[in-house]
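>
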Amino acid sequence: MQKRIGVIFVSRRNSLRSILAEACLAHLDPKRFSASSCGQPGHVAREFHPAAVAALKSASIPLPLRPPRSWDELVRANATAADFVITLDATTESRQPPWPGQPDAALWAYPDVADGSDPDKIAHDAIQMLFSLRRRLELLVSLPIQGVDRSAVRSDVRDLGYLR
């Protein structure tokens, strides 16, 4: 049996962007990929953002099993090392800790739509974000990741951050 490819998605609060990405990747290819998400300590939400819940429900994608959590939980000494860390919030990129196993990193910057004041706009933007993430993640799962040149894969994963 092949080792699953570990991917960690990072956003500040771990309530919307990273939750959408984690749930979508887990839905697309749970056999090859192990998806998790986290946020910046001191900023992590207590629960999933309602717009994330609604967007995932509209796409028939189940919510992640774990509630929002900080990256401290994932970098503990006994944590499983990831193969990729994909940051969805550019403001957290320079603040992240050293990740166990030195995974490849990529920035797929998305705006913080949860910070808005209009619930209808947040809901609309969350659905649009899910569509965009799904397109990138479908390309990610189609990459020949294992058994190929690691630098080429790293470049491909980083390049996915430039898709519109």
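Using the numbering used here, you'd call the opening residue of the sequence shown number 1 and step up by one each time.
Glycine included, C-beta positions come from ideal geometry on N, C-alpha and C.
Can you round the beta-carbon distance between L65 and V53 to whole angstroms, since I take them to be within the 8 Å contact cut?
Contact flag wrong, Cβ pair sits at about 14 Å.
> Our contact map puts A45 next to S15 with C-beta atoms below 8 Å; I'd like the distance itself, whole angstroms only.
So it is a contact: roughly 4 Å between Cβ atoms.
> Let me know the alpha helix (DSSP H) ranges lying completely inside the segment 47 to 82, each 4 residues or longer, listed in chain order.
Fully enclosed alpha helix (DSSP H) runs of 4 or longer: 50 to 58.
> Leaving out five residues on either side along the sequence, give the residues of the same chain with a beta carbon under 7 Å from the beta carbon of L140.
Cβ within range, chain order: V157, L160.
> Where do the N-terminal and C-terminal ends of the alpha helix (DSSP H) with V10 fall, by residue?
Per DSSP, V10 belongs to no alpha helix (DSSP H); it is in the beta strand (DSSP E), 5 to 10.
> With DSSP run on the structure shown, which of helix, strand or coil describes D104?
Strand, per DSSP.
> What are the residues that DSSP puts in a beta bridge with I86?
DSSP output for I86 lists F9, A106 as bridge partner(s).
> Distance check for C24 and A55, CA to CA, integer angstroms please.
C-alpha separation (whole angstroms): 11 Å.
> Let's test the definition: count the other Cβ atoms within 10 Å of the Cβ of L163 and tell me whether it reaches 16, buried, or not, exposed.
Under this definition L163 is an exposed residue.
> So S34 is in the beta strand (DSSP E); what residue range does that whole segment cover?
From DSSP, the beta strand (DSSP E) with S34 extends over 33 to 38.
> Mapping the DSSP letters down to three states, classify V211 as helix, strand or coil.
Residue 211 lies beyond the residue range present for the chain, which begins at 1 and ends at 164; the question has no answer from this structure.
> In angstroms with no decimal places, state the Cα-to-Cα distance between F84 and K57.
Their Cα atoms are separated by approximately 26 Å.
> Is it true that the CB of R12 sits closer than 9 Å to the CB of T80?
Not closer than 9 Å, so no.
> For V10, count neighbouring Cβ atoms within 10 angstroms of its own Cβ and tell me buried if that reaches 16, exposed if not.
Counting Cβ neighbours within 10 Å, V10 comes out buried, since at least 16 surround it.
> What does the Cβ neighbour count give for G39, buried or exposed, with the cut at 16 atoms within 10 Å?
The residue is buried, with at least 16 neighbouring Cβ atoms inside 10 Å.
> For A163, which of helix, strand or coil comes out of DSSP?
In the sequence as presented, Ala is not what sits at residue 163; that position holds Leu. In the structure shown, L163 sits in coil (DSSP, three-state: anything other than H, G, I, E or B).
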